[in-house]
Amino acid sequence: MLGRQLTEGMTKNTQNTTQSTRRTTENTQAAPATSEALTVLVTGATGRVGSRVAQAARAAGHEVRAASRSGAVRFDWYDPSTWADALRGADAAFLAYQPDVGAPGAADAVGAFARQAVELGVRHLVLLSARGEDQAHPTEAALAESGAARWTVVRASWFAQNFSEGPLADAMREGGELVFPGGEVLEPFIDARDIADVVLAVLAGGERYAGRILEVSGGRLLSFRDAVAEISAAAGREFGYVPVAAREYGAALTEFGVPDAEVEFLIELFETNLDGRNARVSDGVRDVLGRGPREFTDFVREAVASGTWKG
């Protein structure tokens, strides 16, 4: 999930890409239905995962409270005064902390939010976290220690949609190349729709997933170079991949206006999480949904059909 803290954190400071986050050509596969219709608070509802959680929840018959800093339901992790109104009356909540679940201050904020959710009667809290991100563990612990009757952590790999939405996709479209500190490390890129389906299945499963940490990923290991090559072949346009050092990339983020503290955090994250520790496939999607994860090739084909990488 390193893609979220980079692209969504970077987007927060540089550009608004949320209007194009959901492609109409996506064939959303519904999560297992629950017999109970829930009111689900979705934080980060304009993000890559949050938008798809909201979409999947509506498709499953739940009432969705889509919360964001600029939406109808106002919510800001940095403004606790917005939390109570968003939480009041919700049965469950999906937590997507910005800019990253392992960022400084995340544990305190998520812990305080979770405790308030418990006080207001929210029954199930699902936190989006990241595979292999040691920095996220305090935030996960804060959720577990909040007193929530049901809590679940979903640790995800890097999102496939980071190649099609947001600053990295913009750079590919405009400059014809992906400049990124990914080296030749392998990653099982996951379709954000699979994460959303897992979240909905967790909510439907109730006690079955209470107190559990689930790891989800795509089904095939690819390097960033491999991923760009697949996109090039399908799009009929040659894209390059330029690996750079984490600190060099951090300097570029600074030029984009990303705050120094956030840049330093991202550099640390790149240097640790992109060291090969996540070069493995997790079985969480199959364990929860009873099917394998969506193929990266299918994601690319659908994105090409929607004109994602046209210059």
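Heads up: the sequence shown is residues 1 to 311, going by full-length UniProt numbering. We treat Cβ as the ideally placed atom computed from N, Cα and C, and that holds for glycine.
Asked                                                                                                                                                                              : Found
Would you list, in sequence order, the uninterrupted alpha helix (DSSP H) runs of no fewer than 4 residues that lie entirely inside the segment 96–136?                            : 106–119
Take E271 and list the residues in its own chain whose beta-carbon comes closer than 7 Å to its own, dropping the five residues that flank it on each side.                        : A246
Pull up the CB-CB distance for I195 and V216, whole angstroms please, since I reckon it's below 8 Å.                                                                               : 6 Å
Going by Cα to Cα distance, which pick from A92, E63, W158 is closest to V202?                                                                                                     : A92
Return the Cβ separation of W151 and G211 in integer angstroms, given the expectation that the two are a contact with Cβ distance under 8 Å.                                       : 7 Å
Taking DSSP's pairing of strands, which residues face P243 in a bridge?                                                                                                            : F180
What are the uninterrupted segments assigned as beta strand (DSSP E) that are 3 or more residues long and contained completely in the segment 142–214, given in chain order?       : 150–156, 177–180
I need the boundaries of the alpha helix (DSSP H) containing A67, first residue and last residue.                                                                                  : Premise fails: A67 lies in the beta strand (DSSP E), 63–68, not in any alpha helix (DSSP H).
Below 8 Å, can you find three or more Cβ-Cβ pairs linking the segment 221–237 to the segment 251–266?                                                                              : no
Might you give, ordered along the chain, the residues of its own chain that have their beta carbon closer than 7 Å to the beta carbon of F239, omitting 5 neighbours on each side? : M172, G176, E177, L178, V228, I231, S232
Across which residues does DSSP place L222 in a beta bridge pair?                                                                                                                  : E187
Return the residue from the list A192, G102, L186, A114 that minimises the CA-CA distance to E268.                                                                                 : G102
By a C-beta neighbour count over all protein chains shown, 10 Å radius and 16 as the cutoff for buried, is N27 buried or exposed?                                                  : Residue placement at N27 cannot be trusted, given a pLDDT of 41 that sits under 50; what the coordinates show is reported in the next sentence. Exposed, by the Cβ-count rule.
What does V40 pair with, by DSSP beta-bridge criteria?                                                                                                                             : V64, A92
Could you compute how far the alpha carbon of G236 sits from the alpha carbon of S306?                                                                                             : 14 Å
Considering only DSSP beta bridges, list what V73 is partnered with.                                                                                                               : A67
Out of A56, A59, A112, which one is the CA nearest neighbour of Y78?                                                                                                               : A112
Between which two residues does the alpha helix (DSSP H) holding residue 322 run?                                                                                                  : Here the chain comprises residues numbered 1 to 311, so residue 322 is not present and cannot be evaluated.
Please say whether T139 and A114 have beta carbons closer to each other than 7 Å?                                                                                                  : no
In the structure shown, what three-state DSSP assignment does N288 receive?                                                                                                        : Checking the displayed sequence, the identity of residue 288 turns out to be Val instead of Asn. In the structure shown, V288 sits in a helix (DSSP, three-state: H, G or I).
Measure from the alpha carbon of N278 to the alpha carbon of each residue in D76, V300, G132, then state which is nearest.                                                         : G132
In whole angstroms, what separates the C-alpha of G311 from that of L127?                                                                                                          : 36 Å
Using the DSSP secondary-structure output, state which residues sit across from V216 in a beta bridge.                                                                             : A156
Within the continuous alpha helix (DSSP H) that includes S51, where are the two ends?                                                                                              : 50–59
From G276 to F256, what distance separates their C-alpha atoms?                                                                                                                    : 28 Å
Could you give the DSSP three-state label for L274: helix, strand or coil?                                                                                                         : coil
Going by CA-CA distance only, name the one from R294, V118, A141 that's closest to L87.                                                                                            : V118
Can you give the Cα-Cα distance for T43 and R291, rounded to whole angstroms?                                                                                                      : 27 Å
Over what stretch of residues does the alpha helix (DSSP H) that includes D85 continue unbroken?                                                                                   : 83–87
Does the beta-carbon distance from G218 to P293 come in below 7 Å?                                                                                                                 : yes
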